[in-house]
Structure formats: C-alpha cells, structure tokens
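Residue numbers for the sequence shown follow full-length UniProt numbering, so the first one is 1 and each next one is one higher.
From the three backbone atoms N, C-alpha and C, an ideal C-beta is built for every residue, glycine too.
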Amino acid sequence: SNLYKFKEGTGEARCILDSITSLQNGADLIWIETEKPHIKQIGGMMDEIRKVIPNAKLVYNNSPSFNWTLNFRQQVFDAWEADGKDLSNYDRSNLMDESYDSSDLSKEADEKIRTFQADAAKDAGIFHHLITLPTYHTAALSTDNLAKEYFGDQGMLGYVAGVQRKEIREGIACVKHQNMAGSDMGDDHKEYFAGEAALKASGDDNTMNQF
C-alpha cells in the first residue's frame, strides 16, 4: 500500500519535520491532525515549527472523530487532580455518563469546549478552524429523532412542531422547498415555450403560498 508506520514515539517529530519541509517548499498553510483536541499538545508542535518558520499558519480540524465531551472532562479531571482537588465523586473512565452532565467538572469542561477555538488560536497558533462533515451527523440525528416521533405517539406533530414550525419561525428558506428545488425556473421555462397554455406549478393555488 506504500504506507509505512512511524517508529513508536516519533509521530509528533515526523509531523513537525514534514510541516517544516512543506512550508519551505511552497506550502502557505499546514494541516496537523492529532488524536485528541488538546491545546497544549498542538501548541507544543507549533512552537517547534515556528522555531524554523516563524510565520507558520496552522489549519486544524475540530473533528467529530473526537469524543469532545469525554476528552475535555478527562482534561479537567487531570487538571483538578494535579491541583489536589477532591475527585471522590468522579470516575475518570466513566466521565461520559449522563449522571455527570450537571456536575461542576462537566460545566468547566463545557466552558473549555466553548472557548476552544479562541483559546487554541491564542495559545496554539491555529490560523483557521474547520469541522469536517458536521452535516453528516446533524442529518443522522435529526432524521433519527423525527422517525422516533413520526412513527411514535407524536405522529405528524413530530414533523410539524419539530421541523416545519421551526423553519417558519426561524426564517429558513427551505420551508418553501418547491422554490428551492427550482419550480419557479421550471415555470418560466414552460411559459417561454407554451405561453398562456403552460401548465405551471405556481399560481394562486400553489401550496407554497401558505408560507
């Protein structure tokens, strides 16, 4: 496959070297992937790169592949442990459990997630944040939730209250899906060729006029 595994413990050093080499040979941005969203780790790598390329700019993927909740709860746990705080109410290996959601540890972790982009830009030199395939997950979650309600006790109200009404209230253009699909352009095309005899989707009786 022409893929070769790095020697154990050399991954960061190889990534730093590859980044420097790329920037020295025409790249204007670098992209680094890490196994977890840890600002100190990312910043340490950028510090090494900037010893050679002071103006190096990093693109970083705020990846859905990370378990953000667990990672940041464990980071807070470790920080609290280092500070000598009482952690008797917490199980580090089970911090994803819903019972911790309203805990002080989880609140601090959520705040760190909220400020991750700003903190990482300031402390780790990240120039551009992106998030890959978020809509894959939003589509899956929303479809799953809709299916549970539509085929459950809520019936059609699951769609109306959970989707359509929100589209209307929030001014989402896609509530007029006919227009978004180009029905108006289709009507223009028909009218151009058939004139008054054109059988169009628009008009006074078009359901889109209800919105």
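Buried versus exposed call for residue i [16 or more other C-beta atoms within 10 Å across all chains shown]
| i | result |
| --- | --- |
| F6 | exposed |
| Q74 | buried |
| K112 | buried |
| I42 | buried |
| N71 | buried |
| T10 | exposed |
| L95 | buried |
| S105 | The residue asked about is misnamed: residue 105 is Leu in this sequence, not Ser. So L105 counts as buried. |
Cβ shell of residue i (< 7 Å), same chain only, five flanking positions each side left out
| i | result |
| --- | --- |
| I20 | I49, V52, I53 |
| E12 | M45 |
Where the beta strand (DSSP E) through residue i begins and ends
| i | result |
| --- | --- |
| N61 | 58-61 |
| L133 | Where L133 is concerned, there is no enclosing beta strand (DSSP E), given that its DSSP letter is neither H nor E. |
Terminal residues of the alpha helix (DSSP H) in which residue i lies
| i | result |
| --- | --- |
| H177 | 177-180 |
| E108 | 104-114 |
| Q24 | 11-24 |
| E8 | Careful: E8 lies outside any alpha helix (DSSP H) and carries neither H nor E. |
| E167 | 165-169 |
Cα-Cα separation, residue i to residue j
| i | j | result |
| --- | --- | --- |
| A120 | V175 | 37 Å |
| N67 | N2 | 30 Å |
| Y90 | A140 | 31 Å |
| D110 | D101 | 10 Å |
| H38 | F127 | 16 Å |
| residue 213 | Q117 | Because the chain is modelled from 1 through 211, residue 213 falls outside the range shown and cannot be assessed. |
| E170 | Q154 | 22 Å |
| G125 | K107 | 26 Å |
| I172 | P64 | 25 Å |
| L146 | V160 | 10 Å |
| Q178 | G162 | 20 Å |
| W31 | R114 | 22 Å |
| K85 | T138 | 37 Å |
| D123 | F151 | 48 Å |
| T132 | E35 | 15 Å |
| D47 | L17 | 12 Å |
Residues that DSSP places opposite residue i in a beta bridge
| i | result |
| --- | --- |
| W68 | According to DSSP, which records beta bridges pairwise, W68 is partnered with nothing at all. |
| I32 | Y60 |
| I49 | None, per the DSSP bridge assignment. |
| I126 | L58 |
Same chain, Cβ closer than 8 Å to residue i, five either side skipped, listed in chain order
| i | result |
| --- | --- |
| residue 218 | Outside the modelled stretch of the chain, which goes from 1 to 211, sits residue 218, for which no answer is possible. |
| Q164 | V175 |
| W80 | L87, L105 |
| E98 | none |
| L130 | V59, Y60, N61, N62 |
Sequence-distant residues of its chain with Cβ nearer than 6 Å to residue i (five each side left out)
| i | result |
| --- | --- |
| M180 | C174 |
| I168 | V175 |
| K57 | L29, F127 |
Residue i CB to nearest heavy atom of the ligand COA below 6 Å
| i | result |
| --- | --- |
| R169 | You won't find the ligand COA in this model; it holds no ligand whatsoever. |
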